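Novice:
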Amino acid sequence: MGPTQFDIKDSIAVITLNSPPVNGLGHALRTAIVEGIQNAQSNDAIHAIVITGTEKAFSGGADIKEFGTSMAIAEPHLHTLIHLLETCTKPVVAAIRGVCMGGGMELALGCHYRVAHPKASLALPEIKLGLIPGAGGTQRMARVIGVEKALNFILSGDPVPAIGFKGSALIDAYFEHDFIEQAIAFAKQLVVDKKPNKKIRDIKIEYPNYESFLQFSRNTVKTVAAPYPAAVKAIDAIAAAITQPFDQGLASEREYFMQLMNTSVSRAMRYAFFAQRGTSKIADIPSDTPLREIKKVGIIGAGTMGGGIAMNFLNIGMPVIILETEQEKLDKGLGIIRANYENTVKKGKLSSEKMQQRMALIETTLDYSTLKDVDLVIEAVFEELSVKETVFKKLDEVMKPGAIFASNTSTLDMNKIANFTKRPQDVLGMHFFSPANVMQLLEVVRTEQTAKDVLATVMKLAQSIKKTPVVCRVCDGFIGNRMVEQYLRMAGFLLEQGATPPQVDKALENFGMVMGPFRMSDLAGNDIGYAIRKRRMVEQPNLKYSKFADVMCEAGRYGQKTGKGWYLYEPGNRKALPDPELDAMLVKFRADNGLTARKISSEEIVQSCIYALINEGCRILEEGIAQRASDIDIVYLTGYGFPVYRGGPLKYADEIGLYKVVQKLEQFYKETQDDFWKPAQLLHYCIAKSTSICGS
Ligand code: NAD
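Going left to right, the sequence shown walks through residues 39 to 734 as this note's numbering numbers them.
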């Protein structure tokens, strides 16, 4: 079957969009719709047209495979298609089920009538790519649902069920059953009643106090969406809808859209969109690799991570069995899971019935033999190799053949862990981030021996529990923590040289990081970094660290959990308060170590810390630890609060220019003689080849 199906039911033409997976409006589909309309237009036996999609999708919008290619704007492009629908002399009805988004929504707005299933999911999500709708969406939405509602809809980009528009002129009728038959009957009735071909473009906007509303919106956007130019342009487009004739407004919208396409923010957001979808592709593993069946999961350890990990599976209705060393620990772990769900129920985001269903899926045990029928086991016990060794050896004795073994280790050698079993091909790392039931990132650690179907199975499973899985090879810290170690190391040196924790945090938060390095360390617990540094001193004695962080930990300042760290915390409050005692400790430390404080600019702070991420990220890539640059960026966007409008550390390096980055790294090397600052080979290579790290 082609991208559309053309049927005639009585005197009504039904054009069914049928271009899986979501009726993306690629060139072939656009062409087929145009042909369908022209056929219907020229056939006297046809009196009206219904355009519809599948149950799953009316249309998900532009075809992402065509993004940025000439096919995206090849004729008939979306504007042409919408114009054709709007000017068709026979009534055109959009019959909307499933998702109706972006260009799909704009197409529906060009039809004379719209009928919908109440649960159809409508959205103009362009803002999430740093854009605004560019095919009349802003102009028609403002006319059909009103200026304020349209602006909110466009600024949020989130889907709204069609029934949410009841009472507006957007949807003319809702049908829950016999959807297509009812849509056809609706079209027939239009003909019988000789209803006019309604055009949204003809609606006049009456909005007397629009200036004050627009001013209010501009002020709001300045504070809440400052780095995102699309928010301002959305307001400009709505202003155009109010003040300009329709065609002029359409031209203004187009102009703003094109301006936004050329911003670094939209480039970064579009890059991140594709990067996220790309992480599950693995070069040497075909997408049709047969998967192992996962129906039941075992979790070893009911601590901070074990409980959170278990919740991911309970949330999708998968039974979980948790093993601990003592009943008391099982009870405590279960209590935390229950309390987490109770909180969600209190917030109205989960029914108590669903909560009971989820809790009923948990089994607990102290006995390894009860794990014999699980398909996957995830170990989350103490971070000590000897403890992991005992656990994996016991598991090896009881697990059924073909079961998958995973460890949540953050730092230990996954190759060694795999070899604690007699089936290393069935072992890999699943590195969740804390809180494991919330954080989207999952580093999937592929050892030297992990079987392809094991990796493919876990990548697929990760998606079903709504994680973003990123594959990495074995190294200390994997992708994220290996990079963050250098970032924190540089932040530590800045303090020695004269900066304060609030100054460093503020500079990086202004750059866009969700949290500066010191607030982040206080949240995670400074004792974690302390333990890593102690280990480093043995493994890499030449690696330099600022010793001030150790002084602070030795004073018991572990962060939020001890009420003091880089900041001060009042009991029960997570707000980081500057601490004069810490300032005094820092001044004394500098004096004791003969260090002279100097003034450090925000620019230097950002360059020291972010360029450290870039350089280490490049090394991770050239060593083959990560598969591709965009995977590294996704780790930082989804796990470390890097601003999406900068695309991730490596995309950011491309944007500022690799030559500039290398010059700065060389300057840092000259000043510090720290080998870390020698620019990664990959940077020199890309400059020599005039290419970027992340591709165009
Ligand atoms: P935790 O101390 O909160 O929990 C560990 C649990 O394992 C405890 O309840 C303990 O009783 C149990 N345990 C210990 N030995 C056991 C054994 N032999 N059999 C069964 N249970 C045993 O620790 P956590 O923070 O949940 O960390 C667990 C693992 O996850 C570690 O490998 C850690 O490196 C990793 N990790 C932690 C974080 C984090 O932020 N906490 C993030 C990512 C990964």
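Idealized CB from N, CA, C, for every residue including glycine.
All figures in this text were calculated on a predicted structure; none of them were measured in a lab.
1) Identify the continuous alpha helix (DSSP H) that holds PHE586 and give its terminal residues.
2) Would you call the CB atoms of PRO507 and SER318 closer than 8 Å?
3) Look at the alpha carbon of ILE323 and the alpha carbon of VAL522, and state the distance between them as a whole number of angstroms.
4) State yes or no: is the C-beta of GLU249 nearer than 7 Å to some heavy atom of the ligand NAD?
5) So GLY467 is in the beta strand (DSSP E); what residue range does that whole segment cover?
6) Determine the extent of the beta strand (DSSP E) in which CYS656 is found, giving its start and end residues.
7) Measuring CB to CB, does GLU401 end up less than 8 Å from ILE359?
8) Roughly how many angstroms separate the alpha carbons of TYR583 and LEU399, rounded to a whole number?
9) From VAL589 to GLY603, what does the alpha carbon distance come to, in whole angstroms?
10) Sorted by chain position, which residues of the same chain lie with C-beta nearer than 6 Å to GLU642's C-beta, five sequence neighbours on each side aside?
11) Regarding THR342 and the ligand NAD, is the C-beta to nearest heavy atom distance less than 7 Å?
12) Is ALA418 near the ligand NAD, judged by its Cβ being under 7 Å from some heavy atom?
13) With a threshold of 8 Å, are at least 3 pairs of Cβ atoms found where one atom belongs to the segment 403-416 and the other to the segment 359-372?
14) Given this structure, state the Cα-to-Cα distance separating LEU123 from GLY175, to the nearest angstrom.
15) In the DSSP assignment, the beta strand (DSSP E) including TYR605 goes from what residue to what residue?
16) Quick one: what does DSSP say TYR212 is sitting in, helix, strand or coil?
17) For a test of the three-state rule: what should DSSP assign to ALA154, helix, strand or coil?
18) What does the Cβ neighbour count give for GLN578, buried or exposed, with the cut at 16 atoms within 10 Å?
19) Taking PHE531 as part of the alpha helix (DSSP H), name the residues at either end of that continuous run.
20) DSSP on GLN665, reduced to helix/strand/coil?
21) Under 7 Å: does the beta carbon of ILE134 sit that close to some heavy atom of the ligand NAD?
22) Closer than 7 Å to a non-hydrogen atom of the ligand NAD - does that hold for the CB of THR261?
23) Rounded to the nearest angstrom, what separates LEU288 and ALA489 at their Cα positions?
24) Who does ARG484 pair with in a DSSP beta bridge?
25) Is the beta carbon of ILE280 less than 8 Å from the beta carbon of ILE243?
26) Closer than 7 Å to a non-hydrogen atom of the ligand NAD - does that hold for the CB of ASN564?
27) Ordered along the chain, which non-local residues of its own chain (more than five positions away) have a Cβ less than 7 Å from that of GLN478?
28) Would you identify the three-state DSSP class for ILE87, choosing helix, strand or coil?
29) Below 8 Å, can you find three or more Cβ-Cβ pairs linking the segment 122-142 to the segment 81-98?
30) According to DSSP, simplified to helix, strand and coil, what is SER290?
31) Taking just the CA atoms, how far does LEU298 sit from SER304?
32) Report buried or exposed for LYS266, applying the criterion of at least 16 other Cβ atoms within 10 angstroms of its Cβ.
33) Per the DSSP calculation, GLN76 is bridged to which residue(s)?
34) For ILE157 and ASN235, I'd like the C-alpha separation in whole angstroms.
35) Quick check on VAL383: does DSSP put it in helix, strand or coil?
36) GLN541 to TYR690, Cα distance in whole Å?
Specialist: Result, derived from the coordinates:
1) Sequence index remark: in the sequence shown, residue 586 carries index 548 (1-based). That run of the alpha helix (DSSP H) goes 586-592.
2) Your numbering for residue 507 matches position 469 in the sequence shown. Your numbering for residue 318 matches position 280 in the sequence shown. Between PRO507 and SER318, the CB-CB gap stays under 8 Å.
3) Sequence index remark: in the sequence shown, residue 323 carries index 285 (1-based). Sequence index remark: in the sequence shown, residue 522 carries index 484 (1-based). C-alpha separation (whole angstroms): 29 Å.
4) By 1-based counting over the sequence shown, the position of residue 249 is 211. No, the ligand NAD has no heavy atom inside 7 Å of this Cβ.
5) The residue you call residue 467 lines up with position 429 of the sequence shown. Looking at the DSSP string, the run of the beta strand (DSSP E) that includes GLY467 is 465-470.
6) Locating residue 656 in the sequence shown gives position 618, where the first residue counts as 1. DSSP places CYS656 in no beta strand (DSSP E) but in the uninterrupted alpha helix (DSSP H) bounded by 640-660.
7) Against the sequence shown, residue 401 aligns to sequence position 363. Against the sequence shown, residue 359 aligns to sequence position 321. In this structure, GLU401 lies near ILE359, with their beta-carbon atoms less than 8 Å apart.
8) Mapped onto the sequence shown, residue 583 falls at position 545. Mapped onto the sequence shown, residue 399 falls at position 361. Those two C-alpha atoms are separated by around 47 Å.
9) As a working mapping, residue 589 is identified with position 551 in the sequence shown. As a working mapping, residue 603 is identified with position 565 in the sequence shown. For VAL589 and GLY603, the distance between alpha carbons rounds to 11 Å.
10) Position 604 of the sequence shown, counted from the first residue, corresponds to residue 642. Result list for GLU642: empty, nothing under 6 Å.
11) As a position in the sequence shown, residue 342 is number 304, starting the count at 1. At least one heavy atom of the ligand NAD is nearer than 7 Å to the Cβ of THR342, so yes.
12) By one-based count along the sequence shown, residue 418 stands at place 380. Of the heavy atoms belonging to the ligand NAD, at least one sits nearer than 7 Å to the Cβ of ALA418.
13) Below 8 Å, enough C-beta pairs join the segment 403-416 and the segment 359-372 to call them touching: three or more.
14) Taking the sequence shown and counting its residues from 1, one reaches residue 123 at position 85. Taking the sequence shown and counting its residues from 1, one reaches residue 175 at position 137. It is roughly 15 Å from the alpha-carbon of LEU123 to the alpha-carbon of GLY175.
15) Taking the first residue of the sequence shown as 1, we reach residue 605 at position 567. DSSP places TYR605 in no beta strand (DSSP E); its state is neither H nor E.
16) Along the sequence shown, one-based indexing puts residue 212 at 174. In the structure shown, TYR212 sits in a strand (DSSP, three-state: E or B).
17) The residue labelled residue 154 in the question sits at position 116 within the sequence shown. DSSP, read as helix, strand or coil, puts ALA154 in strand.
18) Along the sequence shown, read from residue 1 onward, the residue named residue 578 stands at position 540. That one is exposed.
19) Walking along the sequence shown from the start, residue 531 turns up at place 493. From DSSP, the alpha helix (DSSP H) with PHE531 extends over 518-534.
20) Start at 1 with the first residue of the sequence shown, and residue 665 comes out as number 627. Residue state, collapsed to three classes: coil.
21) Counted from its first residue, the sequence shown places residue 134 at position 96. Checking every heavy atom of the ligand NAD against the Cβ of ILE134, none is found closer than 7 Å.
22) As a first step, residue 261 must be located in the sequence shown, where it is residue number 223. Taking the Cβ of THR261 as the reference point, every heavy atom of the ligand NAD lies at 7 Å or farther away.
23) Counting from 1 along the sequence shown, the entry for residue 288 is found at position 250. Counting from 1 along the sequence shown, the entry for residue 489 is found at position 451. If you take the alpha carbons of LEU288 and ALA489, they lie about 54 Å apart.
24) Locating residue 484 in the sequence shown gives position 446, where the first residue counts as 1. Answer is ARG511, bridged to ARG484.
25) Locating residue 280 in the sequence shown gives position 242, where the first residue counts as 1. Locating residue 243 in the sequence shown gives position 205, where the first residue counts as 1. It is a contact, given that the beta carbons lie within the stated cut-off.
26) Position 526 of the sequence shown, counted from the start, is the residue given in the question as residue 564. For ASN564, the Cβ stays outside the 7 Å cut-off from all heavy atoms of the ligand NAD.
27) The count along the sequence shown starts at 1 and reaches residue 478 at position 440. In its chain, beyond the 5 residues on either side, LYS505, THR506 and THR676 have a beta carbon closer than 7 Å to the beta carbon of GLN478.
28) Position 49 of the sequence shown holds residue 87. The answer is strand: DSSP assigns ILE87 an E or B state.
29) Counting C-beta pairs closer than 8 Å gives three or more between the segment 122-142 and the segment 81-98, which meets the contact rule.
30) If you number the sequence shown from 1, residue 290 lands on position 252. In the structure shown, SER290 falls within a helical segment according to DSSP collapsed to helix, strand and coil.
31) Within the sequence shown, the letter at position 266 stands for residue 304. Within the sequence shown, the letter at position 260 stands for residue 298. Rounded to whole angstroms, SER304 to LEU298 spans 6 Å at the Cα level.
32) Here residue 266 is taken as the residue at index 228 of the sequence shown, counted from 1. Note that residue 266 corresponds to Tyr in the displayed sequence, not to Lys. TYR266 should be labelled buried.
33) Residue 76 sits at position 38 when you count from the first residue of the sequence shown. Answer is none; GLN76 lacks a bridge partner.
34) Indexing the sequence shown from 1 puts residue 157 at position 119. Indexing the sequence shown from 1 puts residue 235 at position 197. It is worth fixing the name first, because residue 157 is Lys in this sequence and not Ile. Whole-angstrom Cα-Cα distance: 26 Å.
35) Counting from 1 along the sequence shown, the entry for residue 383 is found at position 345. In this structure, DSSP gives VAL383 a helical state, which the three-state scheme calls helix.
36) Residue mapping note: residue 541 aligns to position 503 of the sequence shown, counting from 1. Residue mapping note: residue 690 aligns to position 652 of the sequence shown, counting from 1. Answer to the nearest angstrom: the Cα atoms are 22 Å apart.
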